[in-house]
Every structure is written in C-alpha cells, then in structure tokens.
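Here is the structure we will look at, set down as structure tokens.
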Amino acid sequence: MVELEKFFNSDAMKQHLQEIADFPDSSLPTNFDARLKWPHCPSIARIPNQGGCGSCYAVAAAGVASDRACIQSNGTFRASLSDEDVLGCCEVCGNCYGGDPLKAMVYWVNQGMVT
1 MVELEKFFNS DAMKQHLQEI ADFPDSSLPT NFDARLKWPH CPSIARIPNQ
51 GGCGSCYAVA AAGVASDRAC IQSNGTFRAS LSDEDVLGCC EVCGNCYGGD
101 PLKAMVYWVN QGMVT
C-alpha cells in the first residue's frame, strides 16, 4: 500500500495528471466504439480470460499490440499476439504474479511477439 501511495503522490504522477487535465476534450467524440471503426480487426472485440493469473499486464499489452498491428495493416494482420509469449519469454516484464505493461510493449517492439 505504501508503494502505491508513493507512486500516486509522486511528482511524475502529479505532472501526468495535470497534462491529462489540460488536454482539450473539445475534439473528442461523445461516443466511440473501436469495434465499429475497425470491424476488420477481430482482436478489438476479443475479451480475454486470464483466469487466476496476475497477467493483466501481459494480456493488455498483447491485446494492444494485436489491435495496433491490425489497424496499421488495414486488416491484413488479423492474428492475436500471445500474452503467453510475454509471460514465458520476457524475463524483465514480470510473471503470473504481476508485471509491467510498458516493459511488455518494449519487448514487443524490440523482440516481437508470437501469435
């Protein structure tokens, strides 16, 4: 709990929250559904089940990477990238007890992820 309090009360977090508060929302749509915007990308609509594993960081990172790859390729890349690849192969990302989604994204960029 102390770790979380330090994180949320840090200067970096305060700056981040201020940047979010200063972000102009006038250009944001009232409603947005990515499934409708990119219907050719099945990963966007996929709802994964991580079971009892604390792998939310890996599941989220693999999901984001899958979605971005599909969108960027205009639907020619439609596979789901593997959160298990992150769990089993990224030594610095974390494990089934938790981890860092940013490290998982860096792993994707530098090493790639299998499907």
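Numbering-wise, the sequence shown is residues 1 to 115 according to full-length UniProt numbering.
The beta-carbon is built from N, C-alpha and C at its ideal position, and this holds for glycine as well.
Given the structure is predicted, the values throughout are model-derived calculations rather than measurements.
In this structure, Leu-87 lies away from Ala-65, with their beta-carbon atoms at least 7 Å apart. Where Ile-47 is concerned, there is no enclosing alpha helix (DSSP H), because DSSP gives it neither an H nor an E. Below 8 Å, enough C-beta pairs join the stretch 30–43 and the stretch 70–81 to call them touching: three or more. DSSP places Asn-31 outside both helix and strand once states are collapsed to three, so it counts as coil. Sequence-distant partners of Cys-96 (beyond 5 residues in either direction) whose C-beta falls short of 7 Å from its own C-beta, in its chain, are Cys-53, Gly-54, Ser-55, Leu-87. Burial state of Asp-83 is buried, judged by a 10 Å Cβ sphere holding 16 or more other Cβ atoms. Beta-bridge partners of Asn-95 (DSSP): Gly-98.
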